[in-house]
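Taking it in order: structure first as structure tokens, then the write-up.
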């Protein structure tokens, strides 16, 4: 959590567990979400809907494509 308070941090990649969401909102740091399971999927949709993060979309087989991971960074 100490890292997120630095102004040089422009965002971070997270699985979107609730603690990560709360830390991101607290410090105003956008998240690039790669949810894996359980509440992480709901958290990703919620935060994306609020406009404070983006979810990396997976292909039809559930795999991550490098282009999709790089897209939010542009």
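Numbering (UniProt numbering), first residue to last: 1 to 74.
We put the CB at the ideal spot given by N, CA and C, even for glycine.
query: Sub-8 angstroms separation of residue 15 and residue 34 beta-carbons; result: yes
query: Given residue 26 as reference, the closest of 67, 58, 3 once Cα atoms are compared; result: 3
query: Cut-off 7 angstroms between Cβ atoms - residues of its own chain near residue 51, not counting five sequence neighbours on either side; result: none
query: Through-space distance from residue 54 to residue 47, alpha-carbon basis; result: 8 angstroms
query: Cβ neighbours of residue 44 in the same chain (closer than 8 angstroms, five flanking residues each side left out); result: 16, 33, 35, 53, 55
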